[in-house]
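Participant:
Protein chains: 2
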Amino acid sequence: MVSVVIIGSGNVACHLTNAFLKTAKVEVKQMFSRKIYKLHPFSNKIPLTDNIENLKKADVYIVCVSDDAISKVSASIFDRKSLVVHTSGSMPMDILKNSGRKGVLYPLQTFSKEKDISFKQIPMCIEAEKEEDYKVLEQIASSISNKIYHISSSQRSKLHVAAVFVNNFTNHMFKIGNDICEKYKLPFDILYPLIEETVSKIQEISPKEAQTGPAKRDDKSTFKNHLKLLDEDQKELYIAITNSIKKTYNKL
Amino acid sequence: MVSVVIIGSGNVACHLTNAFLKTAKVEVKQMFSRKIYKLHPFSNKIPLTDNIENLKKADVYIVCVSDDAISKVSASIFDRKSLVVHTSGSMPMDILKNSGRKGVLYPLQTFSKEKDISFKQIPMCIEAEKEEDYKVLEQIASSISNKIYHISSSQRSKLHVAAVFVNNFTNHMFKIGNDICEKYKLPFDILYPLIEETVSKIQEISPKEAQTGPAKRDDKSTFKNHLKLLDEDQKELYIAITNSIKKTYNKL
Chain Z
1 MVSVVIIGSG NVACHLTNAF LKTAKVEVKQ MFSRKIYKLH PFSNKIPLTD NIENLKKADV
61 YIVCVSDDAI SKVSASIFDR KSLVVHTSGS MPMDILKNSG RKGVLYPLQT FSKEKDISFK
121 QIPMCIEAEK EEDYKVLEQI ASSISNKIYH ISSSQRSKLH VAAVFVNNFT NHMFKIGNDI
181 CEKYKLPFDI LYPLIEETVS KIQEISPKEA QTGPAKRDDK STFKNHLKLL DEDQKELYIA
241 ITNSIKKTYN KL
Chain A
253 MVSVVIIGSG NVACHLTNAF LKTAKVEVKQ MFSRKIYKLH PFSNKIPLTD NIENLKKADV
313 YIVCVSDDAI SKVSASIFDR KSLVVHTSGS MPMDILKNSG RKGVLYPLQT FSKEKDISFK
373 QIPMCIEAEK EEDYKVLEQI ASSISNKIYH ISSSQRSKLH VAAVFVNNFT NHMFKIGNDI
433 CEKYKLPFDI LYPLIEETVS KIQEISPKEA QTGPAKRDDK STFKNHLKLL DEDQKELYIA
493 ITNSIKKTYN KL
């Protein structure tokens with residue numbers, strides 16, 4: 001059994017804590033947030049505090065705060081014997097400013113308050129300074145997920161920018177598709193099978209091979225028709241992405 | 253039983269024909285292509301021709317050729333009694349230049365030669381000039397899919413541009429994610445669970461609500477780190493899409 005204290009009240013803090021509550025291998029001894037009211041859903045299950053000086057002793061402190069706050073918050077954790085880890089995809093391990101041992105426990109996933117999620121398939125990217133700390137993080141990660149990766153700070157930053165493209169930017173493409181459907185009173189869910197297939201395809205053939213459509217074909221008459229239907233912002237993106245696809249297939 | 257002739261040898265022609273071969277409700281009487289060698293996989297199953305003047309009689313001619321060729325090819329179909337339909341998402345019905353009845357049978361999906369696909373969940377968007385032709389197209393469409401939609405030419409062009417965003421542009425985001433992983437020797441499949449969740453999310457909450465990440469948070473230090481890792485083309489797209497996301501969440 002590993003004991004942890006969760007620092008933070010955002011999506012990662014809450015989803016991670018919910019996952020730990022389902023395993024006997026990790027004990028969540030406490031949660032901390034200055035916005036303690038956000039931790040209300042846990043008030044019957046876990047001791048809460050909004051005073052960083054009142055942190056309980058634990059094997060690991062898991063800092064799930066915004067990137068900008070990691071340094072300051074970690075510097076306030078005075079327990080020198082414990083391991084302090086952050087959960088950020090884009091920040092190096094040494095952003096942590098506690099005086100003791102450091103590490104990273106990065107769940108490579110997108111979390112929203114409104115949507116439950118199973119951790120079983122989430123890649124848990126771990127990093128530590130010492131071999132024995134890798135073991136502790138493996139214990140924690142494997143209690144909730146089947147997929148553990150050792151990923152250095154340098155690798156993680158690259159993985160994070162790739163994740164931004166495949167997740168945040170992809171989601172924005174869905175958002176624009178949804179906007180177009182709403183504007184023209186079409187049901188967005190008619191596009192779900194196409195979206196599912198887009199994702200299914202790239203797990204069988206590479207995304208470069210999987211591409212189809214007017215940009216790949218350099219189909220100028222379709223571009224003209226499409227641009228008429230888009231607002232200014234959508235048009236700018238359409239042109240930028242179309243040109244990038246055309247470059248990929250030597251059409252520009 | 254409806255009899256059809258398939259005109260074309262591309263992805264739509266081949267996948268559609270394969271689907272019809274599995275149902276007793278549609279008989280594929282013939283396939284036509286000037287590039288008849290491309291129809292080789294069907295040579296034991298279906299009569300083939302590369303001479304448009306030798307088309308057999310059929311209830312429906314399904315024109316699955318590139319958008320630019322639809323007018324010319326359809327003008328060559330001299331059978332005045334039959335229904336001629338195209339399968340294009342972006343072209344209006346009246347692009348057809350046959351002298352008889354016209355219609356559209358648009359499978360809203362992305363097709364690649366290398367990947368098999370089930371038609372059952374593919375939205376079949378149909379359009380016709382006459383009520384009785386809708387019935388014929390419903391018969392054909394329902395023989396392979398459970399999802400039939402009546403979609404006008406004007407609606408279809410809007411659906412098509414939405415499809416370009418959620419499919420072609422999304423696939424390009426995956427392609428760039430893959431490129432970044434290859435460049436930095438990271439396994440692309442570590443991103444699959446994230447990609448799956450991105451798609452799962454928007455079927456429960458709207459894409460606008462589902463957005464997370466540095467662009468939504470206007471996280472400038474992450475932008476700086478990310479831009480260092482990208483090549484010029486990737487950088488241009490990163491900035492364009494990030495700005496569009498920032499506008500969406502009033503951060504620009």
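Here the protein sequences come in this chain order: Z and A. As numbered in our numbering, residues 1 to 252 make up the first sequence, in order. As numbered in our numbering, residues 253 to 504 make up the second sequence, in order. All residues carry an ideal CB built from backbone N, CA and C; glycine is no exception.
Under 8 Å, Cβ to Cβ, is there at least one residue of chain Z near A/Val317?
Facilitator: Not an interface residue.
Participant: How should Z/Asp219 be labelled, buried or exposed, when 16 other C-beta atoms within 10 angstroms of its C-beta is the threshold for buried?
Facilitator: Its Cβ being crowded by 16 or more others within 10 Å, Z/Asp219 is buried.
Participant: Would you decide whether A/Glu379 is buried or exposed? Buried here means 16 or more other CB atoms lie within 10 Å of its CB.
Facilitator: Per the 10 Å Cβ criterion, buried.
Participant: Suppose you measure from the CA of Z/Ile180 to the CA of Z/His172; what does that come to, to the nearest Å?
Facilitator: Looking at the two C-alpha atoms, the distance is approximately 12 Å.
Participant: Okay, do the stretch 89-106 of chain Z and the stretch 154-166 of chain Z touch, 3+ Cβ pairs below 8 Å being the bar?
Facilitator: Verdict: yes, contact present.
Participant: Where does Z/Arg34 sit, in a helix, a strand or coil, going by DSSP?
Facilitator: Three-state result, Z/Arg34: coil.
Participant: On a Cα-Cα basis, can you pick out the residue from A/Ala265, A/Lys399 and A/Ser295 that is closest to Z/Ile190?
Facilitator: The option with the nearest alpha carbon to Z/Ile190 is A/Lys399.
Participant: Roughly how many angstroms separate the alpha carbons of Z/Lys35 and A/His478, rounded to a whole number?
Facilitator: Computed Cα separation, rounded: 30 Å.
Participant: Terminal residues of the continuous alpha helix (DSSP H) containing Z/Cys14?
Facilitator: Here the alpha helix (DSSP H) through Z/Cys14 covers Asn11 to Leu21.
Participant: Could you name the residues that DSSP lists as bridge partners for A/Lys435?
Facilitator: In the DSSP output, where bridge partners are listed per residue, A/Lys435 has none listed.
Participant: Just how far apart, CA to CA, sit Z/Lys130 and Z/Leu137?
Facilitator: Computed Cα separation, rounded: 11 Å.
Participant: Are the C-beta atoms of A/Ile457 and some chain Z residue less than 8 Å apart?
Facilitator: At least one chain Z Cβ lies under 8 Å of A/Ile457.
Participant: Would you say A/Leu443 reaches chain D, if we count a Cβ-Cβ gap shorter than 8 Å as a contact?
Facilitator: No chain D is present in this structure, whose protein chains are Z and A.
Participant: Is the beta carbon of Z/Thr110 less than 8 Å from the beta carbon of Z/Asn178?
Facilitator: No. Outside cutoff.
Participant: Should Z/Ala58 be labelled buried (16 or more other beta-carbon atoms within 10 Å of its own) or exposed?
Facilitator: With 16 or more other Cβ atoms within 10 Å, it is buried.
Participant: Taking the straight line between their C-alpha atoms, what separation do you get for A/Leu348 and Z/Lys175?
Facilitator: If I take the Cα positions, the gap works out to 33 Å.
Participant: Considering only their Cβ atoms, is the gap separating Z/Phe119 from Z/Ile144 smaller than 8 Å?
Facilitator: Against a cut-off of 8 Å, the Cβ pair of Z/Phe119 and Z/Ile144 comes out as a contact.
Participant: Whose Cβ in chain Z lies nearer than 9 Å to the Cβ of A/Thr450?
Facilitator: The answer, in chain order, is Thr110, Val166, Asn167, Asn168, Thr170, Asn171, Phe174 and Val199.
Participant: Taking the CB atoms as reference points, tell me whether Z/Val199 and A/Glu449 lie closer together than 8 Å.
Facilitator: No, Cβ-Cβ distance for Z/Val199 and A/Glu449 is not below 8 Å.
Participant: Relative to the C-alpha of A/Ser340, which candidate in A/Ile369, A/Glu484, A/Gly465 and A/Ile259 has its C-alpha closest?
Facilitator: Among A/Ile369, A/Glu484, A/Gly465 and A/Ile259, the Cα nearest to that of A/Ser340 belongs to A/Ile259.
Participant: Can you list, in chain order, the residues of its chain with a C-beta nearer than 8 Å to that of A/Met253? Leave out the 5 residues immediately preceding and following it.
Facilitator: Within the same chain, A/Met253 has close Cβ partners Ala276, Lys277, Val278 and Glu279.
Participant: Straight-line CA distance for Z/Ser112 to A/Lys460?
Facilitator: Using only the alpha carbons, I get a separation of about 12 Å.
Participant: Using the three-state DSSP reduction, which class does A/Ser364 fall into: helix, strand or coil?
Facilitator: Looking at A/Ser364 - three-state DSSP - the assignment turns out to be coil, as it is neither helix nor strand.
Participant: On a Cα-Cα basis, can you pick out the residue from Z/Pro214, Z/Lys22 and Z/Gln234 that is closest to Z/Lys183?
Facilitator: Of Z/Pro214, Z/Lys22 and Z/Gln234, the residue nearest in Cα terms is Z/Gln234.
Participant: Quick check on Z/Pro92: does DSSP put it in helix, strand or coil?
Facilitator: Coil at Z/Pro92, not helix or strand.
Participant: Chain Z partners of A/Glu488, CB-CB under 9 Å?
Facilitator: The answer, in chain order, is Ala240, Asn243 and Ser244.
Participant: Can you tell me whether DSSP reads Z/Lys224 as helix, strand or coil?
Facilitator: DSSP places Z/Lys224 in helix when its eight states are reduced to three.
Participant: Please decide whether A/Thr464 counts as near chain Z, where near means a Cβ-Cβ distance under 8 Å.
Facilitator: So yes, A/Thr464 belongs to the interface.
Participant: Determine whether the Cβ of A/Ile347 lies closer than 8 Å to any Cβ atom of chain Z.
Facilitator: Chain Z contact via Cβ: absent.
Participant: Going by DSSP in three states, Z/Tyr249 sits in which element: helix, strand or coil?
Facilitator: If DSSP states are grouped into helix, strand and coil, Z/Tyr249 belongs with coil.
Participant: Does DSSP classify Z/Thr49 as helix, strand or coil?
Facilitator: In the structure shown, Z/Thr49 sits in a strand (DSSP, three-state: E or B).
Participant: Z/Ile70 to Z/Met31, Cα distance in whole Å?
Facilitator: Spanning the two alpha carbons is a distance of roughly 16 Å.
Participant: 8 Å is my cut-off, CB to CB: does Z/Ala141 come that close to chain A?
Facilitator: Chain A contact via Cβ: absent.
Participant: Per the DSSP calculation, A/Arg511 is bridged to which residue(s)?
Facilitator: In the structure as shown, chain A starts at 253 and stops at 504, and residue 511 of chain A therefore has no counterpart that could be examined.
Participant: So, under 8 Å CB-CB, Z/Lys56 and Z/Lys29 are touching, yes? Tell me the CB distance rounded to an integer number of Å.
Facilitator: Their Cβ separation, rounded to whole angstroms, is 5 Å, which keeps Z/Lys56 and Z/Lys29 in contact under 8 Å.
Participant: Thinking C-alpha only, which one of Z/Leu83, Z/Met91 and Z/Ser154 is nearest A/Thr474?
Facilitator: Nearest option by C-alpha distance: Z/Met91.
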